[in-house]
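Peer 1:
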Ligand code: UDP
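In our numbering, the protein residues as written are 6 to 466.
#1: Give me the Cβ distance between residue 18 and residue 460, rounded to the nearest whole Å; I'm assuming they're in contact under 8 angstroms.
#2: Please report how far the alpha carbon of residue 160 lies from the alpha carbon of residue 252, in whole angstroms.
#3: Tell me the DSSP secondary structure of residue 16 in three-state form.
#4: Residues in its own chain within less than 8 angstroms of residue 46 by CB, not counting five upstream and five downstream?
#5: Consider the C-beta atom of residue 276 and the heavy atoms of the ligand UDP; say whether any pair is separated by less than 6 angstroms.
#6: Would you call the segment 202 to 217 in contact with the segment 237 to 253, where contact means no fewer than 3 C-beta pairs closer than 8 angstroms?
#7: What does the alpha-carbon distance come out to for the pair residue 75 and residue 281?
#8: Could you give the C-beta distance for residue 321 and residue 346, rounded to a whole number, given that I count them as a contact under 8 angstroms?
#9: Going along the chain, which residues of its own chain have a beta-carbon closer than 6 angstroms to the beta-carbon of residue 94, five neighbours each way excluded?
#10: What residues sit near the ligand GDP, counting only those whose C-beta is closer than 5 angstroms to one of its heavy atoms, in chain order?
#11: What three-state label does DSSP hand residue 70 in the structure shown?
#12: Answer yes if the segment 425 to 441 comes into contact with the segment 371 to 388, meaning at least three C-beta pairs across the two stretches below 8 angstroms, and no otherwise.
#13: Put residue 376 into one of helix, strand or coil per three-state DSSP.
#14: With distances taken between CB atoms, is the gap from residue 385 to residue 360 smaller than 7 angstroms?
#15: Answer yes or no: do residue 356 and residue 423 have a C-beta to C-beta separation smaller than 7 angstroms?
#16: Counting C-beta neighbours from all protein chains within 10 Å, is the total for residue 30 16 or more, i.e. buried, or is it exposed?
#17: Which residue or residues does DSSP assign as beta-bridge partners of residue 48?
#18: So is residue 245 buried or exposed if we call it buried at 16+ other beta carbons inside 10 Å?
#19: Any Cβ of chain D within less than 7 angstroms of the Cβ of residue 246?
#20: Go ahead and pull the three-state DSSP assignment for residue 286.
#21: Taking only the alpha-carbon atoms, compute the straight-line gap between residue 397 and residue 144 and give it to the nearest angstrom.
#22: Tell me, please, which residues DSSP counts as bridged to residue 338.
#23: Tell me the DSSP secondary structure of residue 243 in three-state form.
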């Protein structure tokens, strides 16, 4: 056994779900724990393990181990689609996870805790079987998770502590279009909603229930939820460079499902004036209709503002014909994927048109960039509502027939953010939240205190 192993306070296995929006926060939390003397082994699919190990080798002290070969056994595109993948993943990965943890148990650093994505709820049973501590990590906002909880109770007949009637303290009244849903299918719990609700399986058995959020941002709902479970808000989990800069060499996520066009982005951004650029991204998971792409494109061109638009490769053919080649380099740029954090932190960026994925929302808040919210589904709807009405760090583009936002509406929202009184107020708000985000993760901040408390408890196990 490596002599180096003696230096660790404890050993934690981290099991993120494989998507970009899930990997980022759990990897970042891992880096923070590693910086505080914890041995971390991150385990996920083989293709993610390879991608992360290559990127992270130079900058952090995390170990990577695969427990599922998605090439050999099939990923989401394999037989049975998403459901088939989940079944295969559970069958194989649960056995391999037991082997992985067991392998370490006779070493100098036996595993003390398993931190698993709440979407992989079966992992709780593995921790139970091997008698180690377990922490369930939710990668959505506390508000979204709280708003789903009554649906879980409804579905399972759980009669745990009473759920207060909505609106809960600190939450806006949650109803369409703010209720988490797949558009109009609310009430029927479509399969994806059942999957989201499966995050609550085993929550009550967790030693900690972790959220990528921070106390000031969601104080009332965090406090309410703390009455149900041992909730700890440990975020925002952005790379340390953008917040407290206390974790050495932590300047990016180190994991990307698509190839970033970094050089082209910065050459272009560097040529633009401060606060003049509209950055647009709908994240890694959403798939928009071609009509919606046409409306966004029209809004950007008609706004006569400089824009940088990240359109993932699988969506590129939905852009209007010749859109990419028809815009001048001076005016705008379309890339497949960019280093979003560094783009948001660039002084040229003055507005973020976003689908309001939870990571993107926290990144905009933490980097002080006001948003035009264009949520597509699920927690994005809730996040967009909070962005506009609770934190007041952006405005939501209204949708019309077919659920689309029309170009005039998008353009008007961009103008509100970039010009005028309301835009200035929104900017002042986002700067205030930014300061609170930094404070939360800095020494003695609410998230930092939670992390220390978890480590202290683990070292006594
Ligand atoms: N992202 C990126 N480059 C891009 C677009 C997105 O690095 O061109 C990152 C972004 O910084 C965020 C993540 O991808 O951390 C997307 O997560 P989010 O929760 O916002 O949305 P999802 O992709 O899960 O819908």
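A virtual CB, placed ideally from N, CA and C, is assigned to each residue, including glycine. Here the structure is a predicted model, which means the values were calculated and not measured.
Peer 2: Straight from the coordinates:
#1: As a working mapping, residue 18 is identified with position 13 in the chain shown. As a working mapping, residue 460 is identified with position 455 in the chain shown. At roughly 15 angstroms, the Cβ-Cβ gap does not stay under 8 angstroms, so residue 18 and residue 460 are not in contact.
#2: Working through the chain shown from its first residue, we reach residue 160 at position 155. Working through the chain shown from its first residue, we reach residue 252 at position 247. Distance between the alpha carbons of residue 160 and residue 252: 42 angstroms.
#3: In the chain shown, residue 16 corresponds to position 11, counting from 1. Note: residue 16 maps to strand in three-state DSSP.
#4: For the purposes of this step, residue 46 is taken as residue 41 along the chain shown, with counting starting at 1. Only 16, 17, 18, 19, 67, 68, 69, 70, 105, 109 and 116 meet the Cβ criterion.
#5: Counted from its first residue, the chain shown places residue 276 at position 271. Checking the Cβ of residue 276 against the ligand UDP gives no.
#6: Between the segment 202 to 217 and the segment 237 to 253, the count of Cβ pairs shorter than 8 angstroms is three or higher; the stretches touch.
#7: Here the question's residue 75 lines up with position 70 in the chain shown. Here the question's residue 281 lines up with position 276 in the chain shown. In a straight line, the C-alpha of residue 75 is about 42 angstroms away from that of residue 281.
#8: Residue numbering aside, residue 321 sits at position 316 when the chain shown is read from its first letter. Residue numbering aside, residue 346 sits at position 341 when the chain shown is read from its first letter. No, residue 321 and residue 346 are not in contact; Cβ-Cβ is about 22 angstroms, not under 8 angstroms.
#9: Within the chain shown, numbered from 1, the residue matching residue 94 stands at position 89. Contacts found: 73.
#10: Looking at this structure, you won't find the ligand GDP anywhere; what it does contain is the ligand UDP.
#11: Taking the chain shown and counting its residues from 1, the one referred to as residue 70 is at position 65. Residue state, collapsed to three classes: strand.
#12: Because the criterion of three Cβ pairs below 8 angstroms is met, the segment 371 to 388 and the segment 425 to 441 touch.
#13: Counting from one through the chain shown, the residue named residue 376 turns up at place 371. Strand at residue 376.
#14: For the purposes of this step, residue 385 is taken as residue 380 along the chain shown, with counting starting at 1. For the purposes of this step, residue 360 is taken as residue 355 along the chain shown, with counting starting at 1. Yes; because the gap between Cβ atoms is below 7 angstroms, this pair is in contact.
#15: Locating residue 356 in the chain shown gives position 351, counting from the first residue. Locating residue 423 in the chain shown gives position 418, counting from the first residue. The answer is yes: Cβ separation under 7 angstroms.
#16: On the chain shown, position 25 is the one that residue 30 refers to. The residue in question, residue 30, is buried, as its Cβ has 16 or more Cβ neighbours within 10 Å.
#17: Sequence index remark: in the chain shown, residue 48 carries index 43 (1-based). DSSP output for residue 48 lists 70 as bridge partner(s).
#18: Numbered from 1 along the chain shown, position 240 holds the residue referred to as residue 245. Result: buried.
#19: Among the chains of the structure shown, chain D does not appear; only one protein chain is present.
#20: Counted from its first residue, the chain shown places residue 286 at position 281. Three-state DSSP puts residue 286 in a strand.
#21: Against the chain shown, residue 397 aligns to sequence position 392. Against the chain shown, residue 144 aligns to sequence position 139. Straight-line spacing of the CA atoms in residue 397 and residue 144 works out to 22 angstroms.
#22: Start at 1 with the first residue of the chain shown, and residue 338 comes out as number 333. DSSP links residue 338 through a beta bridge to 313.
#23: Locating residue 243 in the chain shown gives position 238, where the first residue counts as 1. Here residue 243 sits in coil by DSSP.
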